[in-house]
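Reading through the structure tokens given below for one structure.
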Amino acid sequence: MRPVDRAVSGGPPENRIWEGRFLAVEKQGSWEYAVRTRDIRAAVILALDGDHVILIEQFRIPVGAHCLELPAGLVGDEDEGESIETAAARELEEETGYRADRLEVLGTFCSSPGMTSETFTVVRATQLTRVGEGGGEETENIIVHRVALAELPAFIVDRRGQGYAMDAKLLILLGAGMMG
Numbered sequence: 003m004r005p006v007d008r009a010v011s012g013g014p015p016e017n018r019i020w021e022g023r024f025l026a027v028e029k030q031g032s033w034e035y036a037v038r039t040r041d042i043r044a045a046v047i048l049a050l051d052g053d054h055v056i057l058i059e060q061f062r063i064p065v066g067a068h069c070l071e072l073p074a075g076l077v078g079d080e081d082e083g084e085s086i087e088t089a090a091a092r093e094l095e096e097e098t099g100y101r102a103d104r105l106e107v108l109g110t111f112c113s114s115p116g117m118t119s120e121t122f123t124v125v126r127a128t129q130l131t132r133v134g135e136g137g138g139e140e141t142e143n144i145i146v147h148r149v150a151l152a153e154l155p156a157f158i159v160d161r162r163g164q165g166y167a168m169d170a171k172l173l174i175l176l177g178a179g180m181m182g
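In this note's numbering, the protein residues as written are 3 to 182.
Here it is as structure tokens:
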């Protein structure tokens, strides 16, 4: 699902330059940008366990560093009819080992609108129960962190000092009204 129908916007037709399994590169006029193939979307999970947040870290090849992130995953990459909530629940448990009794869709956002058409939907997960170790699929090597919200700024400063990359979606934690 794209936030703007470019055919309706009056722009020139898209020209697909390259396509892989999950991504493609298109050109419209002089603008080059990445798109998700097959209308695959992403769910980003703001997992709150009382006064703690669940974060993950994993090595990200595009930035060449370990990255601190909110748990997230693709919607519809394996089941085209999958709902945002189903994907969020699946990814939360797979990546972190937590299961949420309550999931609330907070809205859809553009990840980097100057470079990609990709959007992600933020889902707040609460009433968490630890049901496993997490860690993602065997090739992901995800490390799970349960961080007190009051200690989050210091935690981020510490990880940044160790050379970690920070996913911009961590800024969601600083947004007014998103926490409660």
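Idealized CB from N, CA, C, for every residue including glycine. For clarity, every value in this text was computed on a predicted model and none was experimentally measured.
Exposed unless 16 or more other CB atoms sit within 10 angstroms - verdict on residue i
{"i": "Phe-122", "result": "buried"}
{"i": "Glu-97", "result": "buried"}
{"i": "Gly-179", "result": "Any reading at Gly-179 needs caution, since the residue's pLDDT is 47, under 50, leaving its predicted position unreliable; the model's value is listed next. By the 10 Å Cβ count, Gly-179 comes out exposed."}
{"i": "Val-10", "result": "Model confidence at Val-10 stands at a pLDDT of 41, short of 50, so the residue's coordinates are unreliable; what they give is reported in the following sentence. Its Cβ having fewer than 16 others within 10 Å, Val-10 is exposed."}
{"i": "Arg-18", "result": "exposed"}
{"i": "Gly-31", "result": "exposed"}
{"i": "Arg-62", "result": "exposed"}
Whole-angstrom distance between residue j and residue i, CA atom to CA atom
{"i": "Arg-126", "j": "Arg-161", "result": "24 Å"}
{"i": "His-54", "j": "Lys-29", "result": "43 Å"}
{"i": "Thr-39", "j": "Leu-172", "result": "25 Å"}
{"i": "Ser-114", "j": "Arg-132", "result": "33 Å"}
{"i": "His-147", "j": "Glu-87", "result": "22 Å"}
Extent of the continuous alpha helix (DSSP H) run through residue i
{"i": "Phe-157", "result": "154-163"}
{"i": "Arg-92", "result": "86-98"}
Beta-carbon proximity list for residue i, same chain, < 8 Å, skipping 5 on both sides
{"i": "Leu-130", "result": "Ala-49, Leu-50, Asp-51, Ile-56, Tyr-100, Arg-101, Ala-102 and Asp-103"}
{"i": "Glu-95", "result": "Arg-101, Val-133, Gly-134 and Gly-136"}
Bridge partners - residue i, DSSP secondary structure assignment
{"i": "Met-117", "result": "Paired residue(s): none; Met-117 is not in a bridge."}
{"i": "Ile-145", "result": "Glu-59"}
{"i": "Gly-75", "result": "Ala-45"}
{"i": "Val-27", "result": "Trp-20 and Ala-36"}
{"i": "Glu-106", "result": "Arg-126"}
{"i": "Leu-50", "result": "Val-55"}
Opening and closing residue of the beta strand (DSSP E) in which residue i lies
{"i": "Lys-171", "result": "It is not in any beta strand (DSSP E) - Lys-171 carries neither H nor E in the DSSP assignment."}
Nonlocal neighbours in the same chain, by C-beta distance under 6 Å from residue i, ignoring five residues either side
{"i": "Leu-25", "result": "Ala-36"}
Contacts around residue i, its chain only, beta-carbon distance under 7 Å, and the 5 residues preceding and following it disregarded
{"i": "Glu-84", "result": "Val-77 and Gly-78"}
{"i": "Glu-21", "result": "Thr-39"}
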